[in-house]
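Here the structure comes first, spelled out in structure tokens, and everything after it is commentary.
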Amino acid sequence: MEKNQAATKEPSGSFESSGKEPFSARLSVLLKGRSINQAARDWGVNLSTLKNYFSRQSSTPRHEVLSKISASENVPIEWLLYGGSIESGEHAMQGAKLTSGLSESVQKIAAMLELLNQTEKDALVRTLMLKGVESVLYLLDEGNLKLLQLPQVVKDQILAVHSGDAAHVAADDKKVCASTEEKDPTEGRLVAKHKQAS
Numbered sequence: 001m002e003k004n005q006a007a008t009k010e011p012s013g014s015f016e017s018s019g020k021e022p023f024s025a026r027l028s029v030l031l032k033g034r035s036i037n038q039a040a041r042d043w044g045v046n047l048s049t050l051k052n053y054f055s056r057q058s059s060t061p062r063h064e065v066l067s068k069i070s071a072s073e074n075v076p077i078e079w080l081l082y083g084g085s086i087e088s089g090e091h092a093m094q095g096a097k098l099t100s101g102l103s104e105s106v107q108k109i110a111a112m113l114e115l116l117n118q119t120e121k122d123a124l125v126r127t128l129m130l131k132g133v134e135s136v137l138y139l140l141d142e143g144n145l146k147l148l149q150l151p152q153v154v155k156d157q158i159l160a161v162h163s164g165d166a167a168h169v170a171a172d173d174k175k176v177c178a179s180t181e182e183k184d185p186t187e188g189r190l191v192a193k194h195k196q197a198s
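Its first residue numbered 1, the sequence shown is counted upward by one per residue in full-length UniProt numbering.
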């Protein structure tokens with residue numbers, strides 16, 4: 001009876017992987033064309049240990065090995081342990097590499113987006129794209145470009161008239177020095193001073 005139990009006992013490591021593919025499949029994704037020997041050097045892992053993961057499909061790594069590989073390849077330890085599909089592993093790997101070089105504020109935005117489900121992400125992307133195109137179309141209009149280039153005081157007056165705030169318009173009338181189409185008054189004074197000097 002003891003013989004049967006020993007024969008059915010499965011080898012196990014420090015962490016049991018509940019992923020569909022073995023740990024070695026995720027390691028293969030990380031090799032990226034390197035030899036196992038080169039990867040072992042790059043990751044600071046014993047070559048025989050790494051070869052063991054490839055030869056024994058049921059092998060699972062120790063935490064120390066996971067930490068070294070995770071740090072070297074910028075992938076989450078969770079992905080190394082549990083994986084999922086190889087495609088999702090590549091996605092996690094790319095996401096980890098992309099966010100590692102981003103500013104803190106951009107990483108916060110990325111974390112916020114991760115809270116959304118796929119339908120919400122798709123809706124957000126669609127809305128941002130539509131608003132972006134709408135903004136570009138506004139900027140292609142010559143009249144809108146001219147309005148954007150007006151002095152702030154004139155913009156405030158236009159907005160006040162548009163909103164019906166007549167008292168605000170009257171107060172701002174005193175701030176307006178000249179229309180945008182008039183000549184610069186200092187130009188005339190400079191010409192007059194130049195004539196006096198001659």
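Glycine included, C-beta positions come from ideal geometry on N, C-alpha and C.
{"Query": "On a Cα-Cα basis, can you pick out the residue from V106, S103, F23 that is closest to V65?", "Result": "F23"}
{"Query": "Since E73 and L30 should fall inside the 8 Å C-beta cutoff, what is the C-beta to C-beta distance between them, to a whole number of angstroms?", "Result": "5 Å"}
{"Query": "How far does the alpha helix (DSSP H) with T119 in it reach, from first residue to last?", "Result": "118-140"}
{"Query": "Output needed for S67: all residues of its chain with C-beta closer than 8 Å, excluding positions within five of it in sequence on either side, in chain order.", "Result": "I77"}
{"Query": "Within the same chain, show all residues whose beta-carbon is closer than 8 Å to that of Y53, passing over the 5 residues directly before and after it, in chain order.", "Result": "F23, S24, L27, S59, P61"}
{"Query": "Let's see if you can read the secondary structure: which residues bound the alpha helix (DSSP H) around K68?", "Result": "63-73"}
{"Query": "Is G83 buried or exposed, if buried means 16 or more other CB atoms sit within 10 Å of its CB?", "Result": "buried"}
{"Query": "Can L124 and L115 be called in contact, C-beta distance under 9 Å?", "Result": "no"}
{"Query": "Specify the secondary structure class of G89 as computed by DSSP and reduced to three states.", "Result": "A caution first: G89 carries a pLDDT of 46, below 50, which makes its placement in the model unreliable, though a value can still be read off. Correct three-state label for G89: helix."}
{"Query": "Starting from the Cα of S70, find the closest Cα among V154, L128, E134, A39 and give me that residue.", "Result": "A39"}
{"Query": "Which of the three DSSP states is assigned to N46 in this structure?", "Result": "coil"}
{"Query": "Buried or exposed: which applies to S85, given that a residue is buried once 16 or more other Cβ atoms fall within 10 Å of its Cβ?", "Result": "Note that S85 scores a pLDDT of 43, beneath 50, so its modelled location is shaky; the value from the coordinates is reported in the next line. Exposed."}
{"Query": "How would you label Q157, buried or exposed, when you count the other beta carbons within 10 angstroms and need 16 or more for buried?", "Result": "buried"}
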